[in-house]
């Protein structure tokens, strides 16, 4: 999330996936997708599947899980699609098992899903699904998650319908950065955390700047600079690339501003013939919701 | 300050300098040092002097200042000696002028003193002198200072009597860093800010880690690793190099722990025949104090 690359994440209400989990009397995992994304249903090749297999193995469980998934968060959107499947599986299974795991343990299991999706066991998208709100991943091994305050802000996100693979988006990053840029970045992340905890929207806005990742990755996103510039003119607090892209998000203080930004985003991509999905949401303070 | 290199600073009660300022009827600056540090008294070569000259120039002032300085913070200690002179001059002059400047303007003027001392107009030591407590320098141009909460902690600092010039300590730093180290560092600074604002001492402790600057600069400080290791065994929360060194500081929750650390620090340097000055202080919530 902007200057919090790899450590900061935020839960939103929409789009969301629905998952239905049932306990089985045998230690196996059955995955069924009720969506059109063509994701593998073989448990060991499925993001939710590997999480559940790991849980069964860890507990030496004699039971298993049957899972039906209705995905709405498009894979490869940068909106945390794999995290939603992985964290959803972990939280759902924990509910069926009588809530035997703590939240950091659920993060631990869900990261196996992220590893399958991107090759990296990162928790920055998993943690907000499980804790809600905005979370800081202090460490993923051992898992050390810091839940932050939830500012009363609107999130506008646009997903231009081109795919950027997380693994590709990682590969174009340089392995070294200038010390002066790193210092600017840690000033920004420090300001952002202070702004979130002090509920200081101006400070949040001034701190939503990424001098290291965004200049490189934004090259993969058509119209990124234009969308950002116009969003700021429309009074966004700030924003940037969502996850590894190509989705872009902007924060704003009012629903009116968030709607104007949504419209501008849609128009911008329409203008160059790229289909896009736009959504508006408050920050979701509770993350994954258990439905009956 | 540890993972907040160049952006985070903290005010302490001791050691401190005393400055006496008087208004003169002519636009000149007179500096007198009542200490044994051999600092130049020529205003344009004196840290306090250049700040006052800049203020006179900025206001096109017809008056001037006579300043008597009793320094106790040793130059080159890493305890912010130059910042104390520069910020003290700015705050004192502002008081005599009827408090016409805002705090960020005082930071602006005081940075000219830091520039004279180290060649860099940095505000990380200036800001806590002027604002008190722990401050985040979001930007030094324009000046954007974020005052943070003041945790109820003890600071133990030791100054081994060897000189490390700020300019030398800057020169040994590499101009590039690994992205993975930069990410670890911004996780630590984010955790530290969250810990300070949430008053979570455990989190402060886990976050007081500097993977970029400390491994390089600590080479210049005799016994650094041993002092750090022993401090942690004595239940320090954490700590690191103060400023650009050679002083080292440790935070702890109780006065008893801070005293044990102070004793250990003194003994460690005595053991290798290096004289040292040790001090214990709470974090100073108000910074520079005006005395009558």
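Chains as they are written, first to last, in the UniProt record's numbering: chain P, 1 to 292; chain L, 1 to 292.
Quick reminder that beta carbons are idealized off the backbone N, C-alpha and C, glycines included.
Predicted, not measured: the structure shown is a model, and the values here were computed from it.
Under the three-state reduction of DSSP output, residue 150 of chain P falls in the coil class, being neither helix nor strand. In the assembly as shown, residue 45 of chain P is an exposed residue. Its beta-carbon has fewer than 16 other beta-carbons within 10 Å.
One thing to note: residue 107 of chain L has its Cβ within 7 Å of the Cβ of residue 123 of chain L. Neighbours of residue 156 of chain L in chain P, taken as residues whose beta carbon is under 7 Å from its own, are absent, since the nearest beta carbon is some 24 Å off.
At a cut-off of 7 Å between C-beta atoms, residue 177 of chain P counts as an interface residue with respect to chain L. Straight through space, the alpha carbons of residue 56 of chain P and residue 104 of chain P are spaced by roughly 17 Å. Under the three-state reduction of DSSP, residue 66 of chain L is assigned to strand. Residue environment for residue 26 of chain L: exposed (fewer than 16 other C-beta atoms within 10 angstroms of its C-beta). The alpha-carbon of residue 158 of chain P is positioned some 7 Å away from that of residue 265 of chain P. By the neighbour-count criterion, in which 16 or more other beta carbons inside 10 Å mark a residue as buried, residue 161 of chain L falls on the exposed side. In the three-state scheme derived from DSSP, where H, G and I count as helix and E and B as strand, residue 268 of chain L is classed as helix.
137, 138, 139, 144, 146 and 148: these are the residues of the stretch 137-154 of chain P whose beta carbon lies less than 8 Å from some beta carbon of chain L, given in chain order. Only buried fits residue 135 of chain L, as 16 or more other CB atoms lie within 10 angstroms of its CB. DSSP, reduced to helix, strand and coil, places residue 157 of chain P within a strand of the structure shown. For residue 2 of chain L, the three-state secondary structure derived from DSSP is helix. In this structure, the CA atom of residue 33 of chain L is about 13 Å from the CA atom of residue 73 of chain L.
According to the DSSP assignment, residue 139 of chain P belongs to the beta strand (DSSP E) that extends over 134-140.
Against chain L, a Cβ distance below 9 Å from residue 206 of chain P picks out 138, 139 and 144.
In the same chain as residue 205 of chain L, and ignoring 5 residues on each side of it, the C-beta atoms closer than 7 Å to its own belong to 237 and 238, in chain order. Contact residues of the stretch 163-192 of chain P toward chain L are 173, 174, 175, 176, 177, 178, 179, 182, 183, 185, 186, 187, 189, 190 and 191 (C-beta to C-beta distance below 7 Å).
Bounds of the alpha helix (DSSP H) holding residue 193 of chain P are 179-198. Residue 20 of chain P: member of the beta strand (DSSP E) spanning 18-24, first to last residue. The alpha-carbon of residue 155 of chain L is positioned some 40 Å away from that of residue 63 of chain L.
DSSP lists no bridge partner for residue 220 of chain L. For residue 7 of chain P, the closest Cβ of chain L is nearer than 7 Å. P/83 is the residue among P/98, P/37, P/83 and P/130 whose C-alpha sits nearest the C-alpha of residue 112 of chain P.
Restricted to the UniProt domain "GHMP kinase N-terminal" (51-133) of chain P, the alpha helix (DSSP H) segments that are unbroken, complete and at least 4 residues in length are 81-96, 103-118 and 126-131, listed in chain order. Using a Cβ-Cβ cut-off of 7 Å, residue 203 of chain L is close to 146 of chain P, given in chain order.
When DSSP reads this structure, residue 205 of chain L sits in no beta bridge, so it has no partner.
Within the DSSP bridge table, the entry for residue 239 of chain P names P/250 as partners. The C-beta separation of residue 91 of chain P from residue 130 of chain P comes to about 6 Å, placing the pair in contact by the 8 Å criterion. Residues of chain L with a Cβ closer than 9 Å to the Cβ of residue 161 of chain P do not exist; the shortest Cβ-Cβ separation is about 29 Å. Setting aside the 5 residues that flank it on each side, residue 101 of chain P is surrounded in the same chain by 94, each with a C-beta closer than 6 Å to its C-beta; the list follows chain order. Burial is judged here by how many other beta carbons sit within 10 angstroms of a residue's own beta carbon; residue 217 of chain P has at least 16 and is buried. Residue 268 of chain L sits close to residue 223 of chain L, with the two beta carbons spaced by under 7 Å.
For residue 10 of chain P, the uninterrupted beta strand (DSSP E) run begins and ends at 8-10, by DSSP.
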